[in-house]
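Those sequence lines, one after another, are chains R and W. So for the first sequence, the working numbering puts the first residue at 1; every next one is plus one. So for the second sequence, the working numbering puts the first residue at 1001; every next one is plus one. Yeah, the Cβ is synthetic: ideal placement off N, Cα and C, and Gly gets one too. Just so it is clear, the structure is predicted and the values come from calculations on it, not from any experiment. First up is the structure itself, then whatever we jot down about it.
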Amino acid sequence: MDEQELRDDLRIIESAFDRTAYQASIDRATRTLSVDVLARMQQRRRFPAWKVLAAALPVAAAVVVLIAPWTSTPPSVQTTPSPSVASATVPDAPAISSIPSVSTTPGASVRKAARNTPRASAAVTDEQLLSEMYGEQFVNGLSASIQEDQPTMFELTSQDLRLLSMSVNNEDAF
Amino acid sequence: MSTYPLTLDTDARILEEFKRGSRERAATAFVRRNQRFVYSVALRQLNSPEDAQDASQEVFIRALQSIDGFKGESALQTWLYRITINVCSNMRRKKKLQSWFRIGNHEDEREVAGSHVSPEQHVLNLDFHSRLATFLEALPEKQRETFCLRYFDELSYEEISDMVGTSVGALKANYHHAVKKLAVMIKDTDLYDQWREDHG
């Protein structure tokens, strides 16, 4: 194609597609482009992707929580029979022999031993403690009065009450 | 003391302004200097003014975010051209995927197929950009892009060669073929007769 032919063809093209009109239309379309770009950049700086993601996470989590019960499969039926009450194992109370020996020396060692003693042997310990503190005779008398259903020394008579009130009012009465 | 550039009318001055720290001023000048070119390329690639607007914004945002890493191995316009082509091909891919999910929404195609006007008359009824797009679509891709960069964007063969990575000789051949084909297509429409009447 020679240059003259090319120029002729270009004139035909210009008749259909006016370059100036084309560029004017592009200028109209891009009039606010620089402002739009700067605004979008500012917006991205203010709300970067990680911030948007962080804001969306709780919503996504809530959606998952709401949807999960509808989408999850029901739990499979357990074929292993549940342990019956009869076969339920109850931890054995420690045997008396396993109770730590209580020192006969009154004081801290006794209380410490009592604290460390398992609850199943509490009655034995109480009895031992009582006999340590008040003497064996007192403990025997107490257990005899309980067995005979007789009033114990803890059931106060009217005279005891009078004495007690006197002691409260006047400690020197004793 | 360094001189303060009053007008940012060259790539070098714009880049210098970025380095100086006046980023907003430099960014505004950068966008204004290249907006016509970027939008024009995007419009040809996407055939939609709205999509071309979105693509142009995205191109400039990407460019401004990485302008500090621009080493100046090529012209800024060449660099922008490559970003524009990437952004547009991503958008086209995305749109293709979206349209694939919108099966049966082909109203535009039905409108043209169902009309009883000739293709030439249909071309006349369209506006400037649609008419242009219709003619350009008939060209092979390389000829089309070479013609547009030379004819509308008024770039030299050397600049186009840097952008598309084709030799100047091959570009000249592409351009000449494109001009010849377009002239033939235009001669076949009423548009040419109308122009001849107008110009005696």
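Are Val37 of chain R and Gln1057 of chain W touching if we call contact CB-CB under 7 Å?
-> yes
Under 7 Å between C-beta atoms of Asp8 of chain R and Val1179 of chain W = no
Exposed or buried, which one is Ser1040 of chain W when buried takes at least 16 other CB atoms within 10 Å?
-> buried
Using three-state DSSP, classify Asp1011 of chain W as helix, strand or coil.
-> helix
Does any C-beta atom of chain R lie closer than 7 Å to the C-beta of Leu1182 of chain W?
-> yes
Nearest CA to the CA of Asp1153 of chain W: which residue from W:Leu1139, W:Val1059, W:Leu1043, W:Asn1047?
-> The shortest C-alpha separation from Asp1153 of chain W is found at W:Leu1043.
Roughly how many angstroms separate the alpha carbons of Arg19 of chain R and Phe1101 of chain W, rounded to a whole number?
-> Those two C-alpha atoms are separated by around 38 Å.
Using the beta-carbon count (16 or more within 10 Å), is Leu1182 of chain W buried or exposed?
-> Buried, since its Cβ has 16 or more Cβ neighbours within 10 Å.
Does the region 1045-1063 of chain W touch the region 1075-1085 of chain W, meaning 3 or more C-beta pairs lie closer than 8 Å?
-> yes
What number of angstroms, rounded off, separates the C-alpha of Gly107 of chain R from the C-alpha of Gly141 of chain R?
-> Per-residue confidence for Gly107 of chain R stands at a pLDDT of 49, beneath the threshold of 50, marking its modelled position as unreliable; no derived number is given.
Could one say the Cβ of Asp36 of chain R lies closer than 7 Å to chain W's Cβ atoms, at least one of them?
-> yes
Mind listing which residues of the region 1012-1027 of chain W have their C-beta closer than 8 Å to chain R's C-betas, in chain order?
-> Glu1024, Ala1027
For Ala1133 of chain W, which residues from the same chain have a beta carbon less than 6 Å from its beta carbon, with the 5 sequence-adjacent residues on both sides left out?
-> Asn1047
Roughly how many angstroms separate the alpha carbons of Gln1035 of chain W and Met1185 of chain W, rounded to a whole number?
-> Spanning the alpha carbons of Gln1035 of chain W and Met1185 of chain W requires a straight line of approximately 30 Å.
Given Leu1136 of chain W, which residues of its chain have a CB within under 6 Å of its CB, disregarding the five upstream and five downstream residues?
-> Within the same chain, Arg1144 come within 6 Å of Leu1136 of chain W by CB-CB distance, once the 5 residues on both sides are set aside.
Would you mind sorting Ile1237 of chain W into buried or exposed? The rule is 16 or more other CB atoms within 10 Å of its CB.
-> Residue numbering for chain W in the displayed model covers 1001 to 1200; residue 1237 of chain W lies beyond these limits and cannot be assessed.
Is Arg1033 of chain W buried or exposed, if buried means 16 or more other CB atoms sit within 10 Å of its CB?
-> buried
Can you name, in chain order, every residue of its own chain whose Cβ lies under 8 Å from the Cβ of Asn1174 of chain W, other than the five neighbours on each side?
-> Listed in chain order, the non-local C-beta contacts of Asn1174 of chain W below 8 Å within the same chain comprise Lys1142, Gln1143, Thr1146, Phe1147, Thr1166, local neighbours out to five positions each way being set aside.
Going along the chain, which residues of its own chain have a beta-carbon closer than 7 Å to the beta-carbon of Cys1088 of chain W, five neighbours each way excluded?
-> Ala1042, Gln1045, Leu1046, Ala1055
Would you tell me roughly how many angstroms separate the C-alpha atoms of Glu1017 of chain W and Pro58 of chain R, rounded to the nearest one?
-> 42 Å
Neighbour flag for Val1179 of chain W against chain R, beta carbons, 7 Å | Residue contact with chain R for Val1179 of chain W: present (Cβ-Cβ distance below 7 Å to some residue of chain R).
Test item: CB-CB of Tyr1157 of chain W and Leu1139 of chain W under 7 Å | no
Below 8 Å on the Cβ atoms is my guess for His1176 of chain W versus Leu6 of chain R; work out the distance and round it to an integer in Å.
-> 6 Å
Which residue comes first and which comes last in the alpha helix (DSSP H) that contains Ser1099 of chain W?
-> 1076-1101
If we cut at 7 Å on Cβ distances, does Ile67 of chain R have a partner in chain W?
-> no
Could you tell me which chain R residues have their CB closer than 9 Å to the CB of Val1164 of chain W, listed as they occur along the chain?
-> The premise fails here: Val1164 of chain W is roughly 20 Å from chain R at the closest Cβ pair, so nothing lies under 9 Å.
So, Asp1162 of chain W versus Thr1078 of chain W, is the Cβ gap smaller than 7 Å?
-> yes
What does a CB cutoff of less than 7 Å around Ser1074 of chain W pick up in its chain, not counting 5 residues either side in sequence?
-> Asp1162
Under a Cβ-count criterion, where at least 16 other Cβ atoms within 10 Å of its own Cβ denotes burial, should Pro1151 of chain W be classed as buried or exposed?
-> A quick correction: the sequence has Tyr, not Pro, at residue 1151 of chain W. It counts as buried.
For the region 1055-1068 of chain W, which residues have a CB atom closer than 7 Å to at least one CB atom of chain R, in sequence order?
-> Ser1056, Gln1057, Phe1060, Ile1061, Leu1064
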